[in-house]
Every structure is written in structure tokens, then in C-alpha cells.
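In the numbering used here, the protein residues as written are 28 to 359.
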Amino acid sequence: MGGHLAKVLTLDEYYFKEIKTQRTFIRGLETRATYDPKTKEFILDSPTLTSVKYWPGCLGKTSNHCVVMAQLYTQGKSHGPHMFMVQIRSMEDHSVLPGIEVGVIGNKFGYGTNDNGFLRFDKLRIPRENMLMRYSQVHEDGTYVKPQNAKLAYGSMVLIRSSIVSDAARGLAQACVISIRYSAVRRQTEAYPGGEEPQILDYQTQQYRLFPLLASAYSLQLAGKYVFNTYLKVNDQIEKGNLESMPELHALSAGLKAFSTYEASAGIEVCRICCGGHGLLTSQWLTKDLYGARPNQSTFQMKCQMSLKLKCKDGVFPEVANFNNEHNHDIT
Numbered sequence: 028m029g030g031h032l033a034k035v036l037t038l039d040e041y042y043f044k045e046i047k048t049q050r051t052f053i054r055g056l057e058t059r060a061t062y063d064p065k066t067k068e069f070i071l072d073s074p075t076l077t078s079v080k081y082w083p084g085c086l087g088k089t090s091n092h093c094v095v096m097a098q099l100y101t102q103g104k105s106h107g108p109h110m111f112m113v114q115i116r117s118m119e120d121h122s123v124l125p126g127i128e129v130g131v132i133g134n135k136f137g138y139g140t141n142d143n144g145f146l147r148f149d150k151l152r153i154p155r156e157n158m159l160m161r162y163s164q165v166h167e168d169g170t171y172v173k174p175q176n177a178k179l180a181y182g183s184m185v186l187i188r189s190s191i192v193s194d195a196a197r198g199l200a201q202a203c204v205i206s207i208r209y210s211a212v213r214r215q216t217e218a219y220p221g222g223e224e225p226q227i228l229d230y231q232t233q234q235y236r237l238f239p240l241l242a243s244a245y246s247l248q249l250a251g252k253y254v255f256n257t258y259l260k261v262n263d264q265i266e267k268g269n270l271e272s273m274p275e276l277h278a279l280s281a282g283l284k285a286f287s288t289y290e291a292s293a294g295i296e297v298c299r300i301c302c303g304g305h306g307l308l309t310s311q312w313l314t315k316d317l318y319g320a321r322p323n324q325s326t327f328q329m330k331c332q333m334s335l336k337l338k339c340k341d342g343v344f345p346e347v348a349n350f351n352n353e354h355n356h357d358i359t
């Protein structure tokens, strides 16, 4: 490599949240992006402690570029949260660029290989072109052009929820494979004196606990494919300006995200228990990776309780009725 770093572009695709707003209150973001028409640049700043970006994966040590959501200010007016492409590390030696403070937040219960981090801006200047202007624009003189519909960019968050459903299904399926295979090999307690010890999978209590989870894994996998295909279909409609199906997609993704992650988390714990003492060994994948990581899916991208609240508030499909009221803000 001749002493040079391999040129690998790593990009954190999630919008970066903040300490105070580590929830769905996007309008409460405190990071500011102020446009300077003299230099045709945006000035990114974290004016308060609670405006520090916190928790994004791959941020602490890995990413050199990221998409940052910040409050847009131009011509003395606020235009709500918008997204900006920001380089945070050098492409030559991976050092942190001036105007940026970044680091790792610390050890976690799960996902130990993911360097979740924090990010703070100190009047960092970026080119005007670094603003994502597909739906809204800022002209060189600072004139703001709002999008035809403020909800057009909301689909990216729904996509993440949709992918979590399938990911939860895979985690539960992997746990089922490990525990069922173990149950087929492990033998215990002879049925009669001098007889062969039966496989513990032959016991109805073991079947009662494991087989329904195996069925759930298949069901959740199919549900994950369905919600993802629904997202693709609805997103195609959104690109054409048709937003009629967005509330239903929002409700579907929120409900399935909550149910699938909780079902997978609880199921993985049952699979671990069904492996007896071996379920406590960190040398096997069920405990080290699945049990330590998958339960966290119930937390990120909105906790289960909040997702279910979105799903069940005022009826089975609350977003169909309340979407316009609850999400009538600019995410452009």
C-alpha cells in the first residue's frame, strides 16, 4: 500500500440524533446549520451540550462521512430539520478534521463490534452543495425553496424499521437452529433401567417451547419480506407524488417492528434456557452474539412500547387517522 491508507468510504446512513432528542421528536433537534451567502457555505454548530450527536453506529472510530440532520437557518429564519453530507475524518490518514469532536460512547450490553459514538460541531463550514436538496433547496443568495410536500423524506425512517423486522426473524431462526440441534444431540435420563437415554428433543416440554418459536421465525421472515415489498411499492407511489398509502405503511412498519423484535428477543431467551448450562457459555454463538445483540432491537429505532403506542393509539391504525397531525413537520 506504499504507506497510504486504503481508500474505503464509510458512510453512516442514519440521521444523527442528539442526547436530548434521542427519541422521535425530530423537531427538537438543536444542531444548527446556518447559511452564509458571502462564502456560500453552511456553518454547522452544536451550541449546547444536549445538541451533541449521540449513539450513531460506526461513528466512534470508523466513519469518515455522515449524513447529519440539523435545523436550517437562512436569511434569519428557521426552516426546520434538514440533512447535510459532512466529512468528519481525513481521507489521507483518517484523522479527525478541525471543527469536529468525535469519539466512542463506551461499552454496551450488546453490539460490541459497533463503535457507537458521539459527534460535536464547532462552527464547521461545509459547501452549500453538501445539503441534500432533492426535495428542498437553498439558492446561492440564501433563498429557501420548500418541497412540494414536507413528508416526502419520511420514507427513509420507515425503510430502517422494515429491515429490522427481517433482521429480528433471522436472529430468532439462528437461535432456533442452535437450540434444536443441541436438543437432538443432548441425551438425558433413561426412560427405563438400562435403556438408552432419549434425546431431550423427544420430551414434549422441549418441543412445546422450541417448535412454536421455529414457526414464529418463518412467519416473521415472511412478514419482513411483505413489509419491505410494501415499502418499495409505496415509495414508488411517493416518488410520483401519491402519499395516500404512506400512513398505512407507517402503521404497518411501526407495529411489525415492535412485535417482531419483542417476539425475537423473548424467543432467543427461551432458546438459550433450553440449552441448559451450555446456554451460559460465551464460547457459543447463541449467548455471545444472539443473546447479547438481538434484544437491543427492541430499543433502537423507537422502543417497543412507543412503536406499539403509535400502532394502537385511538384504534388499530392510528396513523391513518392521525398521520397528518402527528407528522406535520418538515423532514426534508
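Using N, Cα and C, we set each Cβ at its ideal position, and we do this for glycine too.
Residue i versus residue j: straight-line alpha-carbon distance, rounded
i, j, result
"residue 305", "residue 295", "14 Å"
"residue 360", "residue 117", "This structure does not reach residue 360, given that the chain is present from 28 up to 359, and the question cannot be answered."
"residue 195", "residue 239", "16 Å"
"residue 252", "residue 270", "22 Å"
"residue 317", "residue 280", "23 Å"
"residue 244", "residue 268", "36 Å"
"residue 165", "residue 60", "12 Å"
"residue 198", "residue 184", "21 Å"
"residue 289", "residue 256", "22 Å"
"residue 76", "residue 146", "11 Å"
"residue 78", "residue 58", "5 Å"
"residue 70", "residue 131", "24 Å"
"residue 292", "residue 115", "35 Å"
"residue 262", "residue 254", "12 Å"
"residue 159", "residue 122", "25 Å"
"residue 282", "residue 264", "22 Å"
"residue 247", "residue 188", "13 Å"
"residue 206", "residue 215", "15 Å"
"residue 119", "residue 176", "40 Å"
"residue 250", "residue 68", "45 Å"
"residue 360", "residue 209", "In the structure as shown, the chain starts at 28 and stops at 359, and residue 360 therefore has no counterpart that could be examined."
"residue 300", "residue 220", "28 Å"
"residue 139", "residue 190", "21 Å"
"residue 110", "residue 201", "36 Å"
"residue 217", "residue 224", "4 Å"
"residue 80", "residue 94", "12 Å"
"residue 308", "residue 222", "30 Å"
"residue 65", "residue 156", "15 Å"
"residue 266", "residue 287", "28 Å"
"residue 124", "residue 136", "30 Å"
C-beta contact flag for residue i and residue j at 8 Å
i, j, result
"residue 154", "residue 163", "no"
"residue 258", "residue 313", "no"
"residue 92", "residue 99", "no"
"residue 126", "residue 151", "yes"
"residue 302", "residue 203", "no"
"residue 228", "residue 242", "no"
"residue 54", "residue 108", "yes"
"residue 226", "residue 213", "yes"
"residue 148", "residue 72", "yes"
Supposed close pair residue i, residue j - CB separation, criterion 8 Å
i, j, result
"residue 168", "residue 86", "Not really, about 34 Å apart at Cβ, beyond 8 Å."
"residue 361", "residue 112", "Lying before the first or after the last residue shown, residue 361 is absent from the chain, which here runs from 28 to 359."
"residue 171", "residue 89", "Not a contact, Cβ separation roughly 34 Å."
"residue 83", "residue 144", "6 Å"
"residue 284", "residue 192", "6 Å"
Bounding residues of the beta strand (DSSP E) (the contiguous stretch that carries residue i)
i, result
"residue 245", "Not the beta strand (DSSP E): residue 245 falls in the alpha helix (DSSP H), residues 231–266."
"residue 72", "68–72"
"residue 89", "No beta strand (DSSP E) contains residue 89, which DSSP labels as neither H nor E."
"residue 127", "127–131"
"residue 309", "Neither: residue 309 is in no beta strand (DSSP E) and is coded neither H nor E."
"residue 105", "104–114"
"residue 138", "Residue 138 -> no beta strand (DSSP E), and no H or E assigned at all."
"residue 225", "Neither: residue 225 is in no beta strand (DSSP E) and is coded neither H nor E."
"residue 152", "151–154"
"residue 144", "144–148"
"residue 61", "59–63"
CB contact check: residue i to chain B, cutoff 8 Å
i, result
"residue 306", "Absent here is chain B; the protein component of the structure consists of one chain."
First through last residue of the alpha helix (DSSP H) which encompasses residue i
i, result
"residue 5", "Here the chain covers residues 28 to 359 and nothing more, so residue 5 does not appear."
"residue 301", "273–301"
Quick test of the definition: if touching needs 3 or more C-beta pairs under 8 Å, does the region 274–283 touch the region 222–236? Cβ pair count under 8 Å is below three, so no.
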